[in-house]
Amino acid sequence: MAELLDGKLLSTKIKEDLKLKAAEFEAKYCRKITLAVILVGENPASCVYVKNKIKAAEFIGIKSLSFSLPENTEEKDVEDLINNLARDKSVDGILVQLPLPKHLDEEKILALIPPEKDVDGFTAENVGNATLFKDCVNSCTPAGIMYMLKSINVPLSGKHAVIIGRSNIVGKPIALMLLKENCTVTVCHSKTVDLKSITKQADILVVAMGKAKFVTSDMVKDGAIVIDVGINRTETGLCGDVDFETVKDKASYITPVPGGVGPMTIAMLMYNAYTCALRRENV
Ligand code: NAP
21 MAELLDGKLL
31 STKIKEDLKL
41 KAAEFEAKYC
51 RKITLAVILV
61 GENPASCVYV
71 KNKIKAAEFI
81 GIKSLSFSLP
91 ENTEEKDVED
101 LINNLARDKS
111 VDGILVQLPL
121 PKHLDEEKIL
131 ALIPPEKDVD
141 GFTAENVGNA
151 TLFKDCVNSC
161 TPAGIMYMLK
171 SINVPLSGKH
181 AVIIGRSNIV
191 GKPIALMLLK
201 ENCTVTVCHS
211 KTVDLKSITK
221 QADILVVAMG
231 KAKFVTSDMV
241 KDGAIVIDVG
251 INRTETGLCG
261 DVDFETVKDK
271 ASYITPVPGG
281 VGPMTIAMLM
291 YNAYTCALRR
301 ENV
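In this note's numbering, the protein residues as written are 21 to 303.
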């Protein structure tokens, strides 16, 4: 029976620590760390994520500036808002909740965020530096996964890490982070042939595909560490990409959904807001 990688508990500890750090920051620089959060439209999942991010910021003592724009907002208006926030000296971080409505050019909009205010780590400069293993703002979900993996003190070097999914926000950056830790990394995607034969070799299996309960116990090696990134809304509630009930008996560690990677993503976002604020004070 696997040990649970409790993201809720771990993220609470991180947020409590950040609360102290944010207070120290405020005392030292006579201002609050400030995070701008932009939501365009009313995608129900995005509304929940934004609400949770603002709640976490409030808990820590980070000031959030919330901008909720209607679904039909023109690209020029989103661009103007980001350009204003980019110039605003009191703003440490800018977050654009994705996905954006289809008529908006996501890449063009994200490129307007200055790298030093890019709390999601999505801009080309941060992604490039991450690829070069240089100092950068790390993408939140993979950073949260790495934090969880390090929390269990299992050596990562030499482990075979298999990732299902190659998205820019999860699959690709977690592959790089695991490679940086000297894992041997295999990235799988929808064109991968005989997926099961590959996942069965994984010492660490990271699943980020968006397919409810897709990974079953026959796809998992005995004793593997299983990280379930998926968030799927089904008739019976939220579930991950891993069939938790069967896989938990085979894995050594497993993340639950909800309560695993999700809360860690938010904690890492808050950590990024803090580090962006520090860097902007030249610390
Ligand atoms: P995405 O952009 O839709 O990417 C999905 C990836 O899965 C793609 O690379 C796709 O391959 C691959 N895939 C799909 N079906 C497959 C199959 N049958 N076999 C092998 N690979 C397959 O998704 P994402 O943004 O990375 O998100 C993945 C999941 O994680 C979603 O459920 C999302 O809600 C969740 N998520 C959670 C958090 C969190 O904080 N917990 C954060 C981000 C995302 P191709 O590239 O070939 O299409």
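Glycine residues also receive a C-beta, built at the ideal position from the N, C-alpha and C atoms.
Query	Result
Reduced DSSP secondary structure (H/G/I, E/B, other) of asparagine 252	strand
Closest by C-alpha distance to lysine 71, when choosing among Ile286, Asn292, Arg51	Ile286
With 16 other Cβ atoms within 10 Å as the buried cut-off, status of isoleucine 172	exposed
For serine 66, the three-state DSSP class (helix, strand or coil)	helix
Reduced DSSP secondary structure (H/G/I, E/B, other) of isoleucine 274	strand
Same chain, Cβ closer than 8 Å to threonine 254, neighbours up to 5 away in sequence not counted	Ala232
Three or more C-beta pairs below 8 Å linking the segment 137-146 and the segment 260-269	no
Glycine 113, enclosing beta strand (DSSP E) - first and last residue	113-116
Threonine 32 - DSSP class collapsed to helix/strand/coil	helix
Where threonine 285 falls: helix, strand or coil (DSSP)	helix
Alpha-carbon to alpha-carbon, asparagine 292 and glycine 113	8 Å
Candidates Leu40, Leu59, Glu91, Asp100, of which the one nearest glycine 81 by Cα	Leu40
Bridge partner(s) assigned by DSSP for aspartate 138	Ile114
Touch test, the segment 219-234 against the segment 179-188, Cβ-Cβ under 8 Å, three pairs minimum	yes
Proximity test, cysteine 208 beta-carbon vs the ligand NAP heavy atom, cut-off 7 Å	yes
Where alanine 163 sits in the DSSP three-state scheme	helix
Residues near asparagine 103 by beta carbon distance below 8 Å, same chain, minus five either side	Leu132
Residue closest to alanine 163, alpha-carbon to alpha-carbon, out of Asn149, Leu198, Lys154, Thr256	Leu198
CA nearest to the CA of proline 135, picked from Leu118, Thr161, Arg107	Arg107
Glutamate 301 (DSSP reduced to helix, strand or coil)	coil
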